[in-house]
Amino acid sequence: MIYVMSDIHGNSRRFNSIMEQIKLKDTDTLYILGDVIDRYPDGIRILRKLMKMDNVKMLLGNHEFMMLKALKTQEDDFYSPYGGLSLWYRNGGRVTHNYLKHIRKDLRREVFRYLQELPVNIEIEVNDKKYLLVHGAPERNFRRAHGDYETSKEYAVWHRWKIFEYVPEEYTLIFGHTPTLNFNDVVPLEVFFGDNAIGIDCGSGFGDGRLACVRLDDMKIFYSNEEGENL
Ligand SMILES: [Mn+2]
0 MIYVMSDIHG NSRRFNSIME QIKLKDTDTL YILGDVIDRY PDGIRILRKL
50 MKMDNVKMLL GNHEFMMLKA LKTQEDDFYS PYGGLSLWYR NGGRVTHNYL
100 KHIRKDLRRE VFRYLQELPV NIEIEVNDKK YLLVHGAPER NFRRAHGDYE
150 TSKEYAVWHR WKIFEYVPEE YTLIFGHTPT LNFNDVVPLE VFFGDNAIGI
200 DCGSGFGDGR LACVRLDDMK IFYSNEEGEN L
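Encoded structure:
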């Protein structure tokens, strides 16, 4: 089975709730569309768990991108920011940074090395259907974009794909990054299904959000169990 999840944002309670429900097998694959870290405090812990799982494939999110940019990754000057620290902190990065300061240097380096290698888009096929997995937007749309981004990588992790924007022929886009309340005005947030796009960020990084996971084989959706939801 193929599962897709995004924007966990350090929330281990929600992450564990999904993992208990999907009971991932060695033969399954779980795609994580970035933004494992920041906002809630357990991002690095979850990330290290995911790194050890052979059946997990991850995309870089803008939060991991921000972290890499904000911190020098070479051991000698790990703590010296070379720009972007304030941006990262404004976006919930302080808890992640504090956690990183208290783990072993070699573990930090492992995390950075892993993140630096991550792709920003992945194409997959499930049941003869093609999917383009992205955090923010298809990297190949970069040329069509104006302004704001220096590289296609930066564009792919930061840009918020909009419903009228291009999706490559024959593909269904699966994206995180932009909470689905921008597409579906429902409470609690739900996975959004458009004509050729599926939005799966249900706001796990926020108090009133939840974490979603889609099983592409049969489009079954799993949501984190939230306290008080049955009241
Ligand atoms: Mn994001």
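Numbering (numbering that gives the first Met the number 0), first residue to last: 0 to 230. No residue lacks a Cβ here, since even glycine has one placed at the ideal position from N, Cα and C.
Quick one: residues in its chain with C-beta nearer than 6 Å to the C-beta of residue i, no 5 flanking neighbours on either side, listed in chain order?
{"i": "Glu138", "result": "Val119, Asn120, Ser151, Ala155"}
{"i": "Gly5", "result": "In the sequence as displayed, the identity of residue 5 is Ser instead of Gly. Contacts found: Leu32, Gly175, Ile199, Asp200."}
{"i": "Ile197", "result": "Ile173"}
{"i": "Met18", "result": "none"}
{"i": "Tyr222", "result": "Arg209, Ala211"}
{"i": "Asn61", "result": "Val156, Trp157"}
{"i": "Met218", "result": "none"}
Can you find the residues in the same chain that come closer than 7 Å, C-beta to C-beta, to residue i, ignoring five residues on each side of it along the sequence?
{"i": "Arg44", "result": "Ser11"}
{"i": "Leu99", "result": "Ile43, Arg107"}
{"i": "Leu188", "result": "Pro178, Thr179, Leu180, Cys201, Gly202, Gly208, Arg209"}
{"i": "Leu67", "result": "Phe111, Leu114, Gln115"}
{"i": "Arg38", "result": "His8, Gly9, Gly91, Gly204"}
{"i": "Met50", "result": "Tyr113"}
{"i": "Phe109", "result": "As written in the sequence, residue 109 is Glu, which differs from the Phe given in the question. Same-chain partners within the cutoff: there are none."}
For residue i, collect the residues of the same chain with a Cβ closer than 8 Å to its Cβ; drop the 5 residues on either side in sequence, then sort them by chain order.
{"i": "Gly193", "result": "Ile162, Phe182"}
{"i": "Pro167", "result": "Leu131, Pro137, Arg139"}
{"i": "Tyr170", "result": "Glu122, Lys129, Tyr130, Leu131, Asn195"}
{"i": "Leu58", "result": "Tyr30, Ile31, Leu32, Gly33, Leu117, Pro118, Val119, Asn120, Ile121, Leu132, Val133, His134"}
Report the three-state DSSP secondary structure of residue i (helix, strand or coil).
{"i": "Met50", "result": "helix"}
{"i": "Lys24", "result": "coil"}
{"i": "Met4", "result": "strand"}
{"i": "Met218", "result": "coil"}
{"i": "Phe182", "result": "coil"}
{"i": "Asn195", "result": "coil"}
{"i": "Ala155", "result": "helix"}
{"i": "Asn120", "result": "strand"}
{"i": "Tyr81", "result": "For Tyr81, the predicted structure reports a pLDDT of 49, less than 50, and the residue's modelled location is therefore unreliable. A value from the coordinates is still provided. Correct three-state label for Tyr81: coil."}
{"i": "Phe111", "result": "helix"}
{"i": "Ala211", "result": "strand"}
{"i": "Ile36", "result": "coil"}
{"i": "Phe233", "result": "Past the edges of the chain, shown from 0 to 230, lies residue 233, and the structure says nothing about it."}
{"i": "Ile31", "result": "strand"}
{"i": "Tyr98", "result": "helix"}
{"i": "Tyr148", "result": "coil"}
{"i": "Leu106", "result": "helix"}
{"i": "Tyr130", "result": "strand"}
{"i": "Lys68", "result": "helix"}
Taking residue i and residue j to be in contact with their CB atoms under 8 Å, please state how far apart those CB atoms are, rounded to whole angstroms.
{"i": "Cys201", "j": "Val190", "result": "7 Å"}
{"i": "Gly33", "j": "Gly204", "result": "That pair is no contact at about 12 Å."}
{"i": "Thr26", "j": "Ile1", "result": "With a Cβ gap of about 11 Å, Thr26 and Ile1 do not count as contacting."}
{"i": "Glu63", "j": "Ile36", "result": "6 Å"}
{"i": "Leu215", "j": "Val133", "result": "Leu215 to Val133, Cβ: 15 Å. No contact."}
{"i": "Pro40", "j": "Val94", "result": "4 Å"}
- Message: Using 8 Å as the cut-off, can you tell me whether the stretch 81-95 makes contact with the stretch 171-186, which would need three or more C-beta pairs spanning the two stretches below that distance?
- Response: no
- Environment of ligand 1 in chain order, Cβ to heavy atom below 5 Å: Asp34, Gly60, Asn61, His176
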